[in-house]
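J.: Numbering of the sequence shown is given in my numbering, commencing with residue 405 and proceeding in unit increments.
Quick reminder that beta carbons are idealized off the backbone N, C-alpha and C, glycines included.
A single structure is presented below for examination.
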Amino acid sequence: MRVNINETEPQAFKAMYALEGYLATIQLSKIEKELIKIRASQINGCAFCIDMHTKDALKYGETTQRIFLLNAWHETQLFTEKEKVILAITQEITLITNKGLSDATYAKAEHFFDQNQIAQIIMAVVTINAWNRIAISTQLEPAK
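What follows is the structure, given as structure tokens:
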């Protein structure tokens, strides 16, 4: 059994929950937020977060087909161009060692989003990546 950070360092979790509180106020839809969370969690291999956020996405009205194809989002027309930009940002930031958010993707984002919205997307991606790292490092298991 690994450390339970919420119990041992509750101030750290309080800070993470504050980020979640902020994300609850941003302009992205619930589905868009869940797509970010699922895609980053897929890339990071975080079973705990994939489980949680696919269930949340379904609850918010996302389809199983889109969830099944999220790993191949760029190969299907099931996602809108706006969603594809969000997913590209998610992928590029999550895979930061591949040079991070590219100029090309950022330019595409500017066609759909203003500077505040781009900042909000970036913060949503950064936050789920932090949660993934906490869950994986502490070996959190999906609920049964």
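If contacts are defined as beta-carbon pairs under 8 Å, then Leu439 and Leu491 qualify, I think. What distance do you get, rounded to the angstrom?
T.: About 6 Å; that satisfies the 8 Å criterion.
J.: Look at the alpha carbon of His515 and the alpha carbon of Glu411, and state the distance between them as a whole number of angstroms.
T.: Taking the straight line joining both Cα atoms gives about 43 Å.
J.: Buried or exposed, going by whether 16 or more other CB atoms sit within 10 Å of the CB of Phe472?
T.: Exposed: under 16 other Cβ atoms inside 10 Å.
J.: Per DSSP, what kind of secondary structure is Val407 in: helix, strand or coil?
T.: Three-state result, Val407: coil.
J.: In whole angstroms, give me the CA-to-CA distance for Thr480 and Ala534.
T.: Their backbone Cα atoms lie some 28 Å apart in a straight line.
J.: Along the chain, where does the alpha helix (DSSP H) containing Lys441 start, and where does it finish?
T.: From DSSP, the alpha helix (DSSP H) with Lys441 extends over 434-448.
J.: Does DSSP classify Gly425 as helix, strand or coil?
T.: Here Gly425 sits in helix by DSSP.
J.: Less than 8 Å between the beta carbons of Ala476 and Val529, yes or no?
T.: In this structure, Val529 does not lie closer than 8 Å to Ala476 by Cβ.
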